[in-house]
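S.K.:
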Amino acid sequence: MRKLLAVSALVLCLGARSPKLSKDEQVVHALNRLTFGPRPGDVEAVRKMGVKKWIDLQLHPERIPENTELAQRLAPLESLRLSQADTERNYPNPQMIRAIAAGRQAMPADPVTRAAVERVVRRFKVKKDEADNAPLEPAIPLEQLLTREQIRTLRTGNVDQKRAVIAAIPEDQMDDVAIALPPGLRLQLLPAVEPALRRKLMLLTAPQQLVAFDLSEGKLYRAILSNRQLEEQLVDFWYNHFNVFLDKGADRYLVPTYEREAIRPHVLGKFRDLLEATAKSPAMLFFLDNWESVGATQPQRGNAKRPVRGLNENYARELMELHTLGVDGGYTQKDVTEVARCFTGWTIRQPREGGDFFYNDKVHDKGAKTVLGVTISAGGGKDDAEKVLDILARHPVTARFISRKLAQRFVADDPPQKLIDKMAKTFRDKNGDIREVMKTMLTSDEFFSQAAYRAKVKTPFEMIVSAVRATGAQVDFAFPLANQIAQLGEPLYRKLEPTGYSDANSEWVNSAALLARMNFALSLAQNKVPGSKLDAALFSGSAADVARQVLFTDAKPETLAAIEKRTANAPVVGLMLGSPDFQRR
Amino acid sequence: MTTRRLFLKSSGLAMFGIGAAPLWLARAADAPSARKKVLVAVFQRGAVDGLNLVVPFGEKSYYELRPTIAIPADTVVSLDGFFGLHPALAPLKPVFDANRLAIIQAVGSPDPTRSHFDAQDYMESGTPGRKATSDGWLNRALPALGDAKKSPVRAVSLGPSLSRAMRGHNDAVAINNLNEFKVQEAGGAATFESMYASTLDAALNNTGRETFDAVKLMQSIQAQPYTAANGAKYPGGRLGQSLMQIARLIKADVGLEVAFTDVGGWDTHVNEAGQLANLLGNFGQALAAFYQDLGDRMEDVAVVTMSEFGRTAKENGNRGTDHGHANVMFAFGGAIRGGKVYGEWPGLGPEQLYENRDLALTTDFRDVLGELVVKHLGNGQLGGVFPGYTQPKFRGLIAG
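So the sequence lines, in the order shown, correspond to chains A and B.
Reminder that position 581 of the first sequence reads as 593 in the working numbering, one-by-one numbering, no gaps.
Reminder that position 80 of the second sequence reads as 252 in the working numbering, one-by-one numbering, no gaps.
(1) Would you report the Cα separation of K388(B) and V426(B), rounded to the nearest angstrom?
(2) Assign L148(A) to buried or exposed, taking buried as 16 or more other Cβ atoms, counted over all protein chains shown, within 10 Å of its Cβ.
(3) If you draw a straight line from the alpha carbon of P408(A) to that of I476(A), how long is it in whole angstroms?
(4) For G409(B), which option in P397(B), M390(B), T433(B) has the closest C-alpha, if you only look at C-alpha atoms?
(5) In whole angstroms, give me the CA-to-CA distance for S414(B) and R420(B).
(6) How would you label N522(A), buried or exposed, when you count the other beta carbons within 10 angstroms and need 16 or more for buried?
(7) Would you verify that the beta carbon of F566(B) is, or is not, closer than 7 Å to some beta carbon of chain A?
(8) Report the neighbours of A362(B) on chain A: residues whose CB is nearer than 8 Å to its CB, in chain order.
(9) Between the Cα of E333(A) and the Cα atoms of L323(A), G322(A), D347(A), N324(A), which residue gives the shortest distance?
(10) Along the chain, where does the alpha helix (DSSP H) that runs through K208(B) open and close?
(11) Between the Cα of A127(A) and the Cα atoms of R211(A), A516(A), A463(A), which residue gives the shortest distance?
(12) Mind pulling the chain B residues with CB within less than 7 Å of N531(A)?
(13) Write down the C-beta distance between P472(A) and E502(A) rounded to the nearest angstrom, noting that I regard them as a contact closer than 8 Å.
(14) Are the beta-carbon atoms belonging to T410(A) and T344(A) less than 7 Å from one another?
(15) Return no unless some Cβ of chain B is closer than 7 Å to the Cβ of A316(A).
(16) Could you check how far apart the C-beta atoms of A449(B) and A262(B) are, in whole angstroms? I think they sit under 8 Å.
(17) Using the beta-carbon of each residue, which ones in chain A are nearer than 7 Å to A359(B)?
(18) Given a limit of 7 Å on CB to CB distance, which residues of the stretch 507 to 534 of chain A reach chain B?
(19) With a cut-off of 7 Å, does the C-beta of K303(B) fall near any C-beta of chain A?
(20) With 8 Å as the C-beta to C-beta threshold (strictly closer), list the residues of the stretch 542 to 568 of chain A near chain B in chain order.
(21) In this structure, how does DSSP classify H495(B) when only helix, strand and coil are distinguished?
(22) DSSP three-state call for Q84(A): helix, strand or coil?
(23) Report yes if the C-beta distance between H497(B) and K209(B) is below 7 Å; otherwise report no.
(24) Return the residues of the stretch 376 to 387 of chain B that lie within a Cβ-Cβ distance of less than 8 Å from chain A, sorted by chain order.
(25) DSSP on K399(A), reduced to helix/strand/coil?
(26) Secondary structure at Q486(A), three-state DSSP: helix, strand or coil?
(27) Quick check on G482(B): buried or exposed, where buried means 16 or more other Cβ atoms within 10 Å of its Cβ?
(28) Any contact between the stretch 589 to 597 of chain A and the stretch 359 to 377 of chain B? By contact I mean 3 or more CB pairs, one from each, below 8 Å.
(29) Going straight from the alpha carbon of S366(B) to that of R75(A), what length do you get?
(30) Starting from D445(A), follow its DSSP beta bridges and name the residues at the other end.
(31) Establish whether the CB of T571(A) and some CB of chain C are separated by less than 7 Å.
(32) Quick check on the DSSP output: the alpha helix (DSSP H) that includes T99(A) runs from which residue to which?
(33) Whose Cβ in chain B lies nearer than 9 Å to the Cβ of G586(A)?
(34) Any C-beta of chain A sitting closer than 7 Å to the C-beta of T440(B)?
(35) At which residue ranges does the stretch 252 to 327 of chain B contain complete alpha helix (DSSP H) runs of 4 or more residues, listed in the order of the chain?
(36) Kindly list, in the order they appear in chain B, the residues whose Cβ is closer than 7 Å to that of Q221(A).
Next comes the structure, spelled out in structure tokens:
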């Protein structure tokens with residue numbers, strides 16, 4: 013396998029001389045790379061507009077009218093719009109619920125959330141006070157609200173049957189029913205109910221999980237529905253470049269704001285702005301520990317509860333190794349320490365004070381520093397770190413590192429050096445303007461070369477979203493798709509390492525993941541993925557027809573031959589989505 | 173005892189018919205190599221309280237530091253008159269007495285972090301203090317092998333995703349449940365197999381073959397309902413079930429070399445006593461069942477347990493303990509020189525504690541893992557397994 017990879021890398025090095033794509037191939041190629049997969053009708057639309065013009069439009073998302081269905085799907089996902097402090101207040105974790113029960117923390121303000129949290133708090137109080145043998149839920153028992161038949165249907169019926177039972181419940185009784193349902197059954201009902209009730213059921217069960225739920229649903233709906241596809245691809249790319257792991261403590265509440273305010277506004281803007289936005293984000297300050305990094309200039313007294321703190325180099329190291337220069341970017345351990353000293357005092361306010369970025373001059377190291385040969389004189393403050401960001405954002409090694417990483421995502425695992433050089437030149441000439449760098453790449457011969465065509469294996473996120481888009485499946489509950497993506501090996505917002513996910517094909521091609529792709533493909537085709545529904549009647553043509561419907565080009569003869577030889581009754585569209593052909597973009 | 177080769181010739185290949193035998197199986201049947209050595213790593217996530225796991229009941233300070241949660245000296249299962257097992261771990265005493273269970277006290281990661289996230293990350297990557305390591309020590313621990321000798325299931329991580337310790341350059345498979353490792357719609361399997369076998373897409377062709385080889389191996393296992401041997405009873409819960417599946421893979425001789433599983437819930441900040449007793453009851457039964465189930469096959473197997481850091485020596489105000497430093501590890505198996513508590517004991521006196529609060533560290537966890545990698549798995553390239561750790565101090569857990 014390694015040998016074969018080497019051969020394909022060799023082919024790619026010849027990228028510039030690789031034959032150009034035909035007009036039709038160009039359309040499919042551009043759609044495969046700039047979007048999360050073509051939808052029915054996309055190929056015709058792009059052909060009509062012209063590939064160049066369409067790419068230019070995708071580079072200016074503000075000129076593209078947005079899909080109205082998207083706004084409608086995003087509307088219920090409240091935590092995506094809240095401030096950090098409100099997110100924490102509205103979706104308390106078990107510890108906070110204990111604090112609320114003990115009167116140490118205020119109830120959420122939102123009435124629906126408040127009612128649900130009150131419920132959880134009461135249950136907690138009862139649990140705690142075991143001596144008092146009171147029932148866990150002082151609510152009306154389920155048996156008094158619903159017939160035995162209805163309860164059985166809720167437990168074992170199909171989605172439509174469950175939906176009918178829910179619809180028959182009088183509106184003024186719905187809250188009582190929601191409360192009386194056992195937690196396991198509440199979660200089972202999620203695919204069968206409207207978004208508002210879905211949230212209520214989740215709030216009653218585990219309020220904190222709504223934050224991760226909203227994030228995943230939001231990301232999926234945007235990828236599936238947005239007309240500004242390149243922007244969504246880049247949000248995914250830059251979030252991954254500046255990766256923050258959702259499940260590290262406070263980051264559970266910080267990530268929505270991080271993506272919304274530090275990443276999204278800058279994905280086609282200036283790299284320097286993006287870098288600073290991430291550097292100042294509470295999510296990153298917390299994830300890479302800079303918030304507790306202090307200068308060694310003042311003597312500190314420690315005790316058992318608060319041990320002596322000192323310089324923490326984690327962020328400084330990753331800033332150079334992962335965010336700007338790259339691992340072989342020519343910096344030394346001394347540079348890491350010096351950068352860390354510049355960043356001392358870049359910290360976060362107490363959660364009760366909003367948890368925002370703030371610069372604490374009292375713990376800043378005031379001494380002189382030398383970063384990559386540049387002297388930062390003594391007596392500085394917050395601007396020490398800003399100078400570091402200037403040095404790094406303007407560094408030619410950064411221009412190359414970022415260009416290469418973008419090309420790996422959009423062109424091929426081992427992109428031609430000539431392309432990287434062109435992109436890096438644009439990066440330097442245009443002062444780190446990401447839109448200009450993208451334009452250089454997307455209009456290059458290397459991008460439209462045979463060597464790049466179908467050279468990338470889809471990430472799990474791309475595979476699943478592209479299957480939904482290609483089949484035109486209707487998604488009214490996206491979260492189960494997030495579970496599928498995790499099964500394929502890419503849990504959303506949950507890459508533990510600051511490196512983010514690799515964009516290399518080898519990251520995604522392994523046995524368990526491949527099986528999971530095949531299983532997902534068949535499940536989607538048979539409408540067995542809760543919340544997603546495709547119209548099977550659309551795919552009743554020949555294998556070759558179905559192939560063109562989902563691949564937007566012809567399938568390989570070997571693939572068609574295997575499908576035509578099938579003896580068992582598996583749906584052709586499912587076999588096609590699980591085929592080697594569909595795993596590439 | 174049947175040899176692996178015999179097993180493959182008699183049962184494995186017969187099951188598919190010689191013509192349809194997966195490539196790997198055919199290769200394995202011809203390979204003259206003996207049964208594989210297997211290393212099983214168990215991670216206790218959440219930082220287990222090592223001082224209540226292997227209790228220093230001979231140390232007065234222990235009782236002074238823990239007025240309400242210390243394990244009384246008359247209830248510990250004494251090992252050597254100074255250390256004793258938590259009473260819930262009694263099922264492991266026979267393994268210790270058979271000199272197959274070694275205990276290492278005051279062991280752990282030298283990195284001072286008390287963050288679960290960072291410490292687990294460091295212990296699984298095998299590179300304390302270095303966050304950018306992208307692969308795990310257990311993946312790097314696999315001995316170099318020619319492609320022809322590599323089983324598709326030589327590295328298995330039990331659970332829904334590939335654990336951090338298992339990620340890396342060598343192929344490793346995440347298996348949540350052996351019985352579900354297949355194409356769920358039986359009708360799709362054959363078509364997918366023929367698609368991937370015939371595709372000219374080299375990378376997908378290769379992995380596709382490996383996948384269906386592994387699926388077939390699993391089929392042969394799935395076809396036979398499993399009964400633990402020697403009267404072993406696995407407890408319910410994640411760890412017991414995972415270990416049972418590992419035992420099943422080992423006994424099926426499908427080429428397993430390293431396995432990883434984990435069990436959570438050890439973060440006992442509040443009311444530790446009851447929780448820990450429950451968790452340890454399950455933990456001890458699961459490990460003991462695995463040992464009993466494998467019987468003679470334990471000669472090829474070593475199991476090692478670890479947790480990201482220990483807990484405070486002194487109990488906190490909530491009858492629990494907070495995040496600490498050094499901890500305890502278990503190693504058991506046929507080759508382990510057990511019946512002994514290893515590691516220098518630093519003591520629990522005020523001046524002996526790390527940062528005035530935690531058990532100090534006298535053994536680096538890489539000394540323990542490294543010794544198993546070199547002497548049990550036979551991979552002498554330790555520099556590649558624990559980069560930057562050039563001077564490991566083996567404790568003599570294995571002879572040689």
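Glycine residues also receive a C-beta, built at the ideal position from the N, C-alpha and C atoms.
M.R.: In short:
(1) 11 Å
(2) Residue placement at L148(A) is flagged as unreliable, the pLDDT there being 47, under the threshold of 50; the coordinate-derived value follows with that caveat. Exposed: under 16 other Cβ atoms inside 10 Å.
(3) 37 Å
(4) T433(B)
(5) 10 Å
(6) buried
(7) no
(8) R578, T579, A580
(9) D347(A)
(10) Here K208(B) belongs to no alpha helix (DSSP H), and DSSP marks it neither H nor E.
(11) R211(A)
(12) V355, Q356
(13) 4 Å
(14) no
(15) In this prediction, A316(A) has a pLDDT of 44, which is less than 50 and means its spatial position is unreliable; what the coordinates show is noted afterwards. True, the Cβ-Cβ gap to chain B drops below 7 Å.
(16) Actually they do not touch by this definition, with Cβ atoms about 12 Å apart.
(17) First, the residue type needs correcting, since residue 359(B) is Gly and not Ala in the sequence shown. A580, N581, A582, listed in chain order.
(18) L508, E509, P510, T511, N517, V521, N522, S523, A524, L526, L527, M530, N531, L534
(19) yes
(20) K568
(21) strand
(22) helix
(23) no
(24) L376, N377, N378, T379, G380, E382, T383, A386, V387
(25) helix
(26) strand
(27) buried
(28) yes
(29) 46 Å
(30) K282(A)
(31) Among the chains of the structure shown, chain C does not appear; the protein chains present are A and B.
(32) 96 to 102
(33) E357, G360
(34) no
(35) 265 to 269, 288 to 297, 309 to 312
(36) Per Cβ cutoff of 7 Å: no residues; Q221(A) is ~17 Å from chain B at best.
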